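If you read the sequence shown in our numbering, its first letter stands for residue 296, the second for the next number, and so on. Note that beta-carbon positions come from the ideal geometry of N, C-alpha and C, so glycine has one too. Being a predicted model, the structure only gives us computed values, none of them experimental.
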Amino acid sequence: METDRTTDEIRVKPAATTTETAQAPAATAATAPASSTGAAPAKPAGDAAAPSPEKLELSTLKDMSVGALTKIAKQLDVPGATGMRKQELIFEILKARAEKSGLIFSEGVLEVLPDGFGFLRAPDYNYLPGPDDIYVSPSQIRKFDLHTGDTVSGQIRPPKDGERYFALIKVEAVNFEPPERAREKVFFENLTPLYPQAKIGLETEAENLSARVLDLMVPIGKGQRGLIVAPPRTGKTMLLQNIANSITHNHPEVYLIVLLIDERPEEVTDMQRSVRGEVISSTFDEPAQRHVQVAEMVIEKAKRLVEHKKDVVILLDSITRLARAYNTIVPPSGKVLSGGVDSNALQRPKRFFGAARNIEEGGSLTIISTALIDTGSRMDEVIFEEFKGTGNLEIHLDRKLTDRRVFPSIDIQKSGTRKEELLIPKEDLSRVWVLRKVLTPLSPVEAMELLLSRMAKTKTNQDFLAAMSNGKS
């Protein structure tokens, strides 16, 4: 079965002989569903004509209005459809459709619980427990060597009497590949990390100067571990959006995840509508425990994809707030650092950030995260100091540039990439070094204004470097 990257896709097919059966747990074994604030903001739903029940997709049903869902339910002879809530309607529609026409196919990210069984979590609930979760039996987990973070797709059945969840009855694919290949993978911790060697090209069009500046002065490679060091209101979110859109435009083979921790809900909506990738969030009105749960599921999913030799990019906003969340939930050790940071609190966020690496055996995990400074919080300063030396790329944003409305507000002198000679061709590298020598004596504002004015005269970075060598720039 061909699988794509859209999670929770459900297609109805004729009944087929299954090889794995699962008994879904009773209501007492279920976890509590996520609250509405934990879910990603829903896409606008219209009252468009209801699609034929001959082919139903879960994501399509979630986007529809209650009236359209009620119409489908009546076509399927669902009793009491008029008085049901939206989630109940979706549940009953899928159940009725499965009873009439066979099996349902679904997809989700596995979370294995301590009791040995697991659930396929949906991105609609940011991988938190929700009513659409699919039960996975311990025998299936052992047979296919599944772990938390595996993206699993397969045939599911509706819940029986006394059950609350759909159950997985046949595994069709694991991490977008046949399940047999899952047994051949090498665990992430046993893979060999290397410096990034393949460049992620960000340059898209002549007018996108932010991407062109990054591509030239601070190149990003597959497997990069980067920090965007940003004071408040310096355009870090817009820069992340720019990077995300450049990656999806130039590198469709890369699996992109944007992870927003402790952000405002309107920023989450803006990111979802601006970026053609997977956007996972936990807003500021959620408890710290949810921030941690969401982040852990995202990093585990990324590791499983890298084990299958895929290139994954995580854009995190921000590592500072993620570290604050860990500091809130970690058991007190009795040793408190300056700013109120527990001595053990930063170990797990460092493990998250340190997972970024280029893999010798194939695949890579790139993490570009924002780090907040000049917030007036001593804790934020301590967190930044702890992470400052861990990355191999730093992009420093300057408030003076923002006040002058110069974007991107990048301080060229402080920003750079370690081992950039592995990413930039030798003939271009010498020109970049000459350019840095020219810009170093200038102030950050003068340097960026000069660079932008010269780059605006050319259509591509190659034209810009060629003009430099000819003495025209």
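Work out the CA separation of residue j and residue i for me, nearest whole Å.
{"i": "A640", "j": "D410", "result": "27 Å"}
{"i": "S577", "j": "S748", "result": "39 Å"}
{"i": "I552", "j": "E561", "result": "18 Å"}
{"i": "K721", "j": "V727", "result": "10 Å"}
{"i": "L463", "j": "I399", "result": "10 Å"}
{"i": "E676", "j": "R699", "result": "25 Å"}
{"i": "L688", "j": "R571", "result": "24 Å"}
{"i": "M533", "j": "S434", "result": "46 Å"}
{"i": "L509", "j": "E484", "result": "31 Å"}
{"i": "A319", "j": "D440", "result": "Caution applies to A319, whose pLDDT of 49 falls short of 50 and renders its modelled position unreliable; the value that the coordinates give is listed next. One C-alpha to the other measures close to 20 Å."}
{"i": "G375", "j": "I451", "result": "25 Å"}
{"i": "K605", "j": "E548", "result": "8 Å"}
{"i": "K465", "j": "K366", "result": "31 Å"}
{"i": "E558", "j": "D612", "result": "8 Å"}
{"i": "P488", "j": "E591", "result": "21 Å"}
{"i": "L667", "j": "E394", "result": "53 Å"}
{"i": "D723", "j": "L511", "result": "9 Å"}
{"i": "D580", "j": "G518", "result": "32 Å"}
{"i": "G649", "j": "T685", "result": "8 Å"}
Which residue marks the beginning of the alpha helix (DSSP H) containing residue i, and which one marks its end?
{"i": "A525", "result": "Element bounds for A525: not the alpha helix (DSSP H) but the beta strand (DSSP E), R520 to A525."}
{"i": "F461", "result": "Counting along the chain, F461 falls outside any alpha helix (DSSP H), though it belongs to the beta strand (DSSP E) covering F461 to V469."}
{"i": "V740", "result": "P739 to M750"}
{"i": "L696", "result": "R694 to D698"}
{"i": "N765", "result": "Here N765 belongs to no alpha helix (DSSP H), and DSSP marks it neither H nor E."}
{"i": "T543", "result": "K531 to N545"}
{"i": "E475", "result": "P474 to A477"}
{"i": "V361", "result": "V361 to Q370"}
For residue i, I'd like the list of residues in its chain whose CB is within less than 6 Å of its CB, leaving aside the five on either flank, ordered along the chain.
{"i": "S541", "result": "L497, T499 and A506"}
{"i": "A751", "result": "none"}
{"i": "E656", "result": "L486"}
Grouping DSSP H, G and I as helix and E and B as strand, with all else coil, what is residue i?
{"i": "Y420", "result": "helix"}
{"i": "E689", "result": "strand"}
{"i": "Y621", "result": "helix"}
{"i": "P514", "result": "coil"}
{"i": "V447", "result": "strand"}
{"i": "V574", "result": "strand"}
{"i": "T670", "result": "coil"}
{"i": "A340", "result": "Unreliable placement is indicated for A340, whose pLDDT of 39 sits below 50; no coordinate value is reported for it."}
{"i": "S434", "result": "helix"}
{"i": "A329", "result": "At A329 the pLDDT is 38, less than 50, meaning the model places this residue with poor confidence; the figure from the coordinates comes in the next sentence. In the structure shown, A329 sits in coil (DSSP, three-state: anything other than H, G, I, E or B)."}
{"i": "I429", "result": "strand"}
{"i": "T487", "result": "coil"}
{"i": "E383", "result": "helix"}
{"i": "T316", "result": "Here the model assigns T316 a pLDDT of 44, short of 50, so the residue's position is not dependable, and the following value carries that caveat. The answer is coil: DSSP assigns T316 none of H, G, I, E or B."}
{"i": "D769", "result": "It is not possible to answer for residue 769, since the shown part of the chain is limited to 296 through 768."}
{"i": "S638", "result": "coil"}
{"i": "F400", "result": "strand"}
{"i": "F439", "result": "coil"}
{"i": "I705", "result": "strand"}
{"i": "I719", "result": "coil"}
{"i": "Q757", "result": "helix"}
{"i": "K494", "result": "strand"}
Ordered along the chain, which non-local residues of its own chain (more than five positions away) have a Cβ less than 7 Å from that of residue i?
{"i": "T443", "result": "L405, E406, V407 and E595"}
{"i": "Q757", "result": "none"}
{"i": "N622", "result": "V636, D637 and A640"}
{"i": "Q492", "result": "G516, N653 and L717"}
For the candidate residues the options, whose alpha-carbon lies nearest to that of residue i?
{"i": "V601", "options": "G686, L730, S659 and L415", "result": "S659"}
{"i": "V733", "options": "D580, M763 and K683", "result": "M763"}
{"i": "L383", "options": "L356, K395, Q370 and L667", "result": "According to the sequence displayed, residue 383 carries Glu and not Leu. Out of L356, K395, Q370 and L667, L356 has the C-alpha closest to the C-alpha of E383."}
{"i": "N653", "options": "D428, F679 and R520", "result": "R520"}
{"i": "Y422", "options": "G403, E458, Y550 and K438", "result": "G403"}
{"i": "T564", "options": "Q536, H586 and E591", "result": "Q536"}
{"i": "R459", "options": "F414, I436, L371 and L486", "result": "F414"}
{"i": "S276", "options": "S448, L371 and K683", "result": "What the structure shows of the chain is the stretch from 296 to 768, and residue 276 is not part of that stretch, so it cannot be assessed."}
{"i": "I662", "options": "H544, R646, V447 and F679", "result": "R646"}
{"i": "F461", "options": "V625, I495 and P426", "result": "P426"}
{"i": "K438", "options": "T446, R478 and V524", "result": "R478"}
{"i": "S672", "options": "G378, G518 and P526", "result": "P526"}
{"i": "E741", "options": "R713, V729, P454 and D706", "result": "D706"}
{"i": "G378", "options": "A391, Q370 and G362", "result": "G362"}
{"i": "V631", "options": "I429, I678 and P703", "result": "I678"}
Only counting the same chain, and skipping five residues up and downstream in sequence, which positions put a Cβ closer than 8 Å to that of residue i?
{"i": "N765", "result": "none"}
Could you check where the beta strand (DSSP E) with residue i kicks off and where it finishes?
{"i": "I654", "result": "R652 to I654"}
{"i": "D557", "result": "Y550 to E558"}
At a cut-off of 6 Å, is residue i close to the ligand MG when judged by its beta-carbon and the heavy atoms of the ligand?
{"i": "E744", "result": "As far as ligands go, the structure on display features none, and thus does not contain the ligand MG."}
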